[in-house]
Structure formats: structure tokens, C-alpha cells
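Student:
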Amino acid sequence: MMMRVQSWVSVSLLLLLEVLCSRVDASNPGIVARITQKGLNYACAEAVTTLEKELLMITLPDFKGDFKIKHLGRGEYHFKSLNIQSVELKNSKLDLVPGEGLQASISNAFIHVDGDWKARKSFLRVSGSFDLRVRGISISVSLQLSSDSSGRPTVTSKQCRSRIADVDLDVSGKIGWLVNLFQHQIESKFRKILEDKICEIVKKSVASDLQPFLQTLPVIAKIDEIAGMDYALAGPPQATSYSLDTPFKGEFFRQSHRSPVPFEPPAMKLPEAHDLMVYFGISDRVFNTASKVYWEAGVMNYIITDDMIPSSFSIRLITSSFRALVPQLGKLYPNMPMELQVSSSSPPVMVFSPGNVTLTPVMDLQAFVILPNSLRQPLFLLSVTTTVWATMGVNGSRLVSSVTPGSSLTMKLKHSDIGPINVPLIQAILDYYATNTLLPTVNENMEIGFPLPLPRNIQLHDLIIQPYQDFLLLGANVQYTKK
Numbered sequence: 071m072m073m074r075v076q077s078w079v080s081v082s083l084l085l086l087l088e089v090l091c092s093r094v095d096a097s098n099p100g101i102v103a104r105i106t107q108k109g110l111n112y113a114c115a116e117a118v119t120t121l122e123k124e125l126l127m128i129t130l131p132d133f134k135g136d137f138k139i140k141h142l143g144r145g146e147y148h149f150k151s152l153n154i155q156s157v158e159l160k161n162s163k164l165d166l167v168p169g170e171g172l173q174a175s176i177s178n179a180f181i182h183v184d185g186d187w188k189a190r191k192s193f194l195r196v197s198g199s200f201d202l203r204v205r206g207i208s209i210s211v212s213l214q215l216s217s218d219s220s221g222r223p224t225v226t227s228k229q230c231r232s233r234i235a236d237v238d239l240d241v242s243g244k245i246g247w248l249v250n251l252f253q254h255q256i257e258s259k260f261r262k263i264l265e266d267k268i269c270e271i272v273k274k275s276v277a278s279d280l281q282p283f284l285q286t287l288p289v290i291a292k293i294d295e296i297a298g299m300d301y302a303l304a305g306p307p308q309a310t311s312y313s314l315d316t317p318f319k320g321e322f323f324r325q326s327h328r329s330p331v332p333f334e335p336p337a338m339k340l341p342e343a344h345d346l347m348v349y350f351g352i353s354d355r356v357f358n359t360a361s362k363v364y365w366e367a368g369v370m371n372y373i374i375t376d377d378m379i380p381s382s383f384s385i386r387l388i389t390s391s392f393r394a395l396v397p398q399l400g401k402l403y404p405n406m407p408m409e410l411q412v413s414s415s416s417p418p419v420m421v422f423s424p425g426n427v428t429l430t431p432v433m434d435l436q437a438f439v440i441l442p443n444s445l446r447q448p449l450f451l452l453s454v455t456t457t458v459w460a461t462m463g464v465n466g467s468r469l470v471s472s473v474t475p476g477s478s479l480t481m482k483l484k485h486s487d488i489g490p491i492n493v494p495l496i497q498a499i500l501d502y503y504a505t506n507t508l509l510p511t512v513n514e515n516m517e518i519g520f521p522l523p524l525p526r527n528i529q530l531h532d533l534i535i536q537p538y539q540d541f542l543l544l545g546a547n548v549q550y551t552k553k
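For the sequence shown, the working numbering assigns the number 71 to the initial residue and increments by one for each residue that follows.
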């Protein structure tokens with residue numbers, strides 16, 4: 071079974087998966103998500119555009135004060151109707167700090183503000199408009215990422231710093247030179263207001279935009295009426311100079327009841343690939359917990375009847391078609407319908423190796439004849455072993471699979487209620503039945519697949535899928551789609 075955010079720090083899976091959580095589990099994770107520097111760069115490029123729009127919408131407060139000019143004495147000024155006209159955010163970065171987490175920064179940003187001013191000195195009243203150009207703005211923010219008791223990610227802004235290198239005030243109006251006399255004082259006030267406002271916006275966005283966005287990560291996903299998937303964080307990520315790996319539990323469970331999984335996932339050593347934005351390492355354990363769940367629910371037992379056999383096939387599931395193979399069958403049960411029941415004593419195991427994914431299911435095949443009173447009379451029981459190849463793919467955000475025949479069926483007679491039977495000839499017929507009837511049914515079920523741990527509005531493209539020893543590597547670029 072296969073496979074708005076409004077803040078420059080709040081776009082996409084690329085931040086979501088970098089959760090520095092407090093949960094620690096001794097076992098290996100079922101799924102590891104790796105974010106490369108290319109992915110972080112995409113997060114900045116997408117988010118800076120959003121932040122520029124958000125800064126254009128903020129309201130700057132009016133401010134007033136007094137001034138003292140030699141020979142003129144003290145007076146009052148008032149700047150009002152402040153509007154941000156344009157914003158340019160340049161040189162943005164989202165960096166990994168090995169062993170710690172994330173550092174987001176913007177340098178050499180520019181903001182253009184205009185508005186109105188007025189000043190008063192005794193009976194003298196003057197007014198006009200102004201332009202303020204703020205250059206060399208730098209912003210730096212550290213994110214404290216953790217998780218709550220349910221395994222969902224949480225985020226807080228640990229530290230935010232905003233500095234402005236240059237503020238240039240240009241005033242117009244009658245005797246605007248008066249304001250120029252105390253220009254330095256005004257520019258200093260503008261600098262302080264903007265520095266505080268920028269970090270206020272960042273902190274607000276983290277709390278009101280990013281945190282709710284992170285909560286859209288599916289911790290428990292319903293697959294169908296039988297199974298669910300546990301995506302709780304399984305431990306802290308490992309930050310390096312080029313990527314960050316985040317572990318997820320990645321375990322199927324029964325919806326009706328949950329029981330411990332009797333096998334541990336193997337350790338996964340992901341290749342140091344960095345051409346794509348994200349990589350997922352998906353352990354074979356994920357697939358094998360799915361196999362266990364569906365096997366326990368009985369959905370891996372199949373019944374083959376004659377109406378399932380392609381019309382082009384001459385050998386039907388009726389006793390008369392088997393007379394040459396089992397002579398006594400036609401005598402005992404002349405021209406009666408038959409039924410084949412396929413079951414297994416244990417869940418089939420999916421094995422990953424470099425370049426290949428295989429299953430070698432061991433099944434029992436019980437043949438019945440359906441009597442006129444609709445009762446089923448057992449005929450013979452065969453053990454069946456075969457190898458099938460699994461192909462992995464992605465359908466939207468779901469990992470899906472299909473299987474194709476590998477080696478032919480190997481059959482052994484376990485029991486016969488009608489005497490000797492020609493197993494090799496029956497094997498050839500049942501091999502056809504399995505390929506043309508059973509496998510399509512299996513593949514129809516495997517098309518359900520399971521969702522990858524993605525938050526809302528995240529789409530994958532440029533996918534690669536490659537089997538490695540004990541795990542599947544899925545690489546992709548991501549796109550954040552605003553809805």
C-alpha cells in the first residue's frame with residue numbers, strides 16, 4: 071500500500087518539517103523528512119513577497135514632540151497620516167544552525183514612507199508634507215520550534231532584531247526649513263518606531279499565522295474504515311550545515327483497536343542528495359505495518375469465482391473444465407460451479423533493496439465446488455508461493471503502489487478430498503487466474519495508498535522515487551499554492 075499564511079517565516083512545508091521537538095523515542099522513525107538548502111531558499115523567496123505585502127498594510131502611529139531652536143526657543147511638532155508607499159526586501163536568507171535550528175534574516179531592505187507634518191511656535195503655525203526613505207534595514211529572527219503532547223508542532227519567536235542604517239527625511243511646505251533645523255531628532259524617532267514595528271509584525275505573524283498553519287499537519291490521518299496512520303513526531307531533528315532531518319513515527323494502526331507493532335524499523339541512511347527541495351525516507355516498516363493491519367482485518371483474503379474470469383479464457387471455474395486435470399471431479403460433481411478462496415497465514419512482507427521492491431507472499435488456495443443447495447464442498451488445498459514486483463508512485467499527495475508478476479506461482483498439494491490431482495497443470499491455469507483476476511483486485515486496493523505528512527496548500531512536483539536498502543527515497547520540489 072503505497073505510496074496563507076502571511077509571514078515571511080510562515081510559508082510551506084519547509085518550515086513545518088523543521089520542528090525542534092522535545093519528544094524522544096528510542097526506536098528508529100518510520101519516515102524521515104529532509105529539507106535541503108534549496109528548499110530553505112524557496113521558503114524565503116516565497117515568504118519575502120508575502121512580507122512585503124504585509125508591511126504595506128501596517129499602520130504607523132502618529133507621533134509628536136517638542137523642539138528647541140537657538141534664538142527661537144521651544145516649539146511643538148506633529149507628524150501624522152503616515153503611509154508606507156513601497157517596500158523592497160533584499161538579501162533574504164533562511165539558514166540552518168547546526169545543532170540548534172533556524173535563523174531567518176533580511177539585509178539591505180528599503181521602505182518609503184510619506185505623510186503630513188505641522189509645527190507650532192507660539193503664534194507661528196506651519197505645515198506641509200514629507201517623504202521618508204529608510205535604507206539599510208536588517209531583520210533577524212530566531213524560531214523556537216517544539217511540539218505539544220499530541221505530537222503536533224509548535225512555534226514561538228525566540229529573538230527578533232531589527233536595525234536601520236539610514237533614515238533620510240525630506241519635508242516640503244512653507245518654511246519647511248524650520249523642520250530641517252531639528253531633522254536629526256525626527257529621523258531618530260522614525261528609526262525607533264520602524265524598528266519596533268517590524269519586530270512586532272514578525273512576532274504577531276508567528277503567533278497568529280504560522281502557529282495555526284503548523285497545526286494543519288496531520289498527526290493522525292484516516293486512511294479508510296479499517297486503517298489510520300500515526301504521523302506524530304518521533305524525536306528531534308538533526309541539523310547539519312546542508313540539511314535537516316525530521317523523524318515521524320509513520321505507523322499504520324487499526325481504527326477499531328490499536329496494538330503494538332512487533333517489529334522495529336531499520337535505521338535509514340539517506341543519500342546526501344540536494345538537487346531537490348525535500349526528500350522523504352520511508353521505511354519498509356511503514357508498508358509492513360499496513361500489511362499487518364489489513365491482514366488482521368481479513369481484507370487480504372480473496373475469493374475467485376467464474377464471473378471474475380475474463381470471457382476470452384476457455385477454462386472456466388466449473389467442474390467440467392477441470393475434467394482432464396482431475397477426472398474424478400467431473401464424475402462426482404458434474405458441471406457444477408467452483409470457487410477458489412485465497413488466504414495467507416501471515417501478512418506478506420515488502421522487501422526494499424537497491425532498485426527493487428518485492429513481495430513474496432505465501433498463500434493457501436482452497437478449491438470448492440458449490441452444490442445445488444449452495445453449500446461449499448472442499449475439493450483440494452494448495453500452498454502457493456510467488457514473487458511479485460511493487461512499483462511506487464504518487465497520486466496528488468498520496469503514495470500509492472501497484473504490483474506486477476515476478477516469478478510464476480509455485481504450488482504444492484497440502485490436502486485433497488477427491489484423490490490425486492495434476493498439480494503442474496492446475497498451476498498453469500491458476501497462474502493465469504492470479505495474473506488476470508487476483509492482481510487487478512489487489513492493485514485496486516493498493517490505489518488507496520496513504521497521504522504524505524504535508525500541511526495544507528503544499529503540492530509536490532518533479533518527483534523521483536528510488537528504492538534503497540530497507541527504505542524508499544522520495545524526492546520532490548514543493549509549491550505553496552495560496553487558496
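Idealized CB from N, CA, C, for every residue including glycine. Fair warning: this is a prediction, and the values are worked out from it, not measured in the lab.
Opposite residue 421 in the DSSP bridges: which residues?
Tutor: According to DSSP, which records beta bridges pairwise, residue 421 is partnered with 428.
Student: Whole angstroms are fine: how far does the CA of residue 338 sit from the CA of residue 92?
Tutor: Note that residue 92 scores 32 on pLDDT, short of 50, meaning its location in the model is unreliable and no value can be drawn from it.
Student: Classify residue 53 as helix, strand or coil using the three-state DSSP reduction.
Tutor: With the chain represented from 71 up to 553, any question about residue 53 goes unanswered, as that position is not in the structure.
Student: What are the uninterrupted segments assigned as alpha helix (DSSP H) that are 4 or more residues long and contained completely in the region 265-292, given in chain order?
Tutor: Runs of the alpha helix (DSSP H) inside the region 265-292: 281-284.
Student: Do you know offhand how far residue 236's Cα is from residue 205's?
Tutor: Between residue 236 and residue 205, the C-alpha separation is close to 5 Å.
Student: Indicate whether the contact test is met: 3 or more Cβ pairs, each with one atom in the region 437-448 and one in the region 468-479, closer than 8 Å.
Tutor: Short answer: they don't touch.
Student: Go to residue 401, then tell me how far its beta strand (DSSP E) extends in each direction, as first and last residue.
Tutor: Residue 401 -> not in any beta strand (DSSP E); alpha helix (DSSP H) instead, spanning 397-402.
Student: Exposed or buried, residue 371, counting other C-beta atoms within 10 Å across all chains shown (16 or more means buried)?
Tutor: So residue 371 ends up on the exposed side.
Student: With 16 as the cutoff for other CB atoms within 10 Å, does residue 194 come out buried or exposed?
Tutor: When all chains shown are included, residue 194 counts as exposed.
Student: Go through the region 292-321 residue by residue and report every complete run of the beta strand (DSSP E) that reaches 3 residues or more, in order.
Tutor: Fully enclosed beta strand (DSSP E) runs of 3 or longer: 297-300 and 313-318.
Student: Identify, in the order they occur along the chain, each residue of the same chain with its Cβ nearer than 6 Å to the Cβ of residue 464, setting aside the five sequence neighbours on each side.
Tutor: So the qualifying residues of the chain are 533.
Student: Would DSSP call residue 406 helix, strand or coil?
Tutor: Coil at residue 406, not helix or strand.
Student: For residue 358, count the other beta carbons within 10 Å of its own beta carbon; 16 or more makes it buried, fewer makes it exposed. Which is it?
Tutor: The residue in question, residue 358, is buried, as its Cβ has 16 or more Cβ neighbours within 10 Å.
Student: Does the beta carbon of residue 232 come closer than 9 Å to any beta carbon on chain B?
Tutor: The structure shown contains no chain B, having only a single protein chain.
Student: Rounded to the nearest angstrom, what separates residue 154 and residue 213 at their Cα positions?
Tutor: Cα-Cα distance, rounded: 27 Å.
Student: So residue 383 packs on residue 502, CB below 8 Å; how close in whole Å?
Tutor: Indeed, because the Cβ distance is near 7 Å, the residues count as touching under 8 Å.
Student: Between residue 400 and residue 387, what straight-line distance do the alpha-carbon atoms span, to the nearest angstrom?
Tutor: Each residue's Cα considered, the two are about 12 Å apart.
Student: State the CB to CB distance for the pair residue 190 and residue 135, rounded to an integer number of angstroms; the pair is presumed to be in contact (CB under 8 Å).
Tutor: Residue 190 to residue 135, Cβ: 12 Å. No contact.
Student: Have a look at residue 380 and residue 369 and give me their C-alpha separation to the nearest angstrom.
Tutor: The straight-line gap from Cα to Cα measures roughly 23 Å.
Student: Should residue 294 be labelled buried (16 or more other beta-carbon atoms within 10 Å of its own) or exposed?
Tutor: Counting Cβ neighbours within 10 Å, residue 294 comes out exposed, since fewer than 16 surround it.
Student: Since I believe residue 289 is in contact with residue 302 (beta carbons under 8 Å), could you give me their beta-carbon distance rounded to a whole number of angstroms?
Tutor: Their Cβ separation, rounded to whole angstroms, is 5 Å, which keeps residue 302 and residue 289 in contact under 8 Å.
Student: Helix, strand or coil: which one does DSSP assign to residue 161?
Tutor: Of the three classes helix, strand and coil, the one that applies to residue 161 here is coil, per DSSP.
Student: Give a yes or no on whether the C-beta atoms belonging to residue 164 and residue 179 are separated by under 9 Å.
Tutor: The answer is no: Cβ separation not under 9 Å.
Student: Please go through the region 115-152 and give each complete beta strand (DSSP E) segment of 3 or more residues, from N-terminal end onward.
Tutor: Entirely contained in the region 115-152, the beta strand (DSSP E) runs reaching 3 residues are, in chain order, 133-139.
Student: What first and last residue would you give for the beta strand (DSSP E) that runs through residue 374?
Tutor: Counting along the chain, the beta strand (DSSP E) containing residue 374 begins and ends at 372-375.
Student: Hey, would you say residue 378 sits closer than 9 Å to residue 392, going by beta carbons?
Tutor: No, Cβ-Cβ distance for residue 378 and residue 392 is not below 9 Å.
Student: Does DSSP put residue 355 in a helix, in a strand, or in coil?
Tutor: DSSP places residue 355 in helix when its eight states are reduced to three.
Student: Does the separation of the CB atoms of residue 406 and residue 440 fall below 9 Å?
Tutor: Yes.
Student: With residue 325 as the anchor, note down where its alpha helix (DSSP H) starts and where it stops.
Tutor: Segment: none, residue 325 is in no alpha helix (DSSP H) and carries neither H nor E.
Student: Would you decide whether residue 94 is buried or exposed? Buried here means 16 or more other CB atoms lie within 10 Å of its CB.
Tutor: Confidence at residue 94 is low in this model, with a pLDDT of 36, below 50, so its placement is unreliable and the value that follows should be read with caution. Residue 94 comes out exposed.
Student: From this set, 549, 219, 395 and 427, which residue's C-alpha is nearest residue 536's C-alpha?
Tutor: Of 549, 219, 395 and 427, the residue nearest in Cα terms is 427.
Student: How would you label residue 292, buried or exposed, when you count the other beta carbons within 10 angstroms and need 16 or more for buried?
Tutor: Exposed is the call here.
Student: Quick check: residue 183 and residue 110, are their CB atoms within less than 9 Å of each other?
Tutor: Cβ atoms of residue 183 and residue 110: not closer than 9 Å.
Student: Of all the beta strand (DSSP E) runs that stay within the bounds of the region 176-236, which reach a length of 3 or more residues?
Tutor: Qualifying beta strand (DSSP E) stretches, in chain order: 194-217.
Student: Please go through the same chain and pick out, in chain order, the residues whose beta-carbon is closer than 7 Å to the beta-carbon of residue 504, but skip the five residues on each side of it.
Tutor: Contacts found: 479.
Student: Have a look at residue 96 and residue 102 and give me their C-alpha separation to the nearest angstrom.
Tutor: Confidence in residue 96 is poor, its pLDDT being 42 and thus under 50, which makes the residue's placement unreliable; the coordinate value appears in the next sentence. For residue 96 and residue 102, the distance between alpha carbons rounds to 15 Å.
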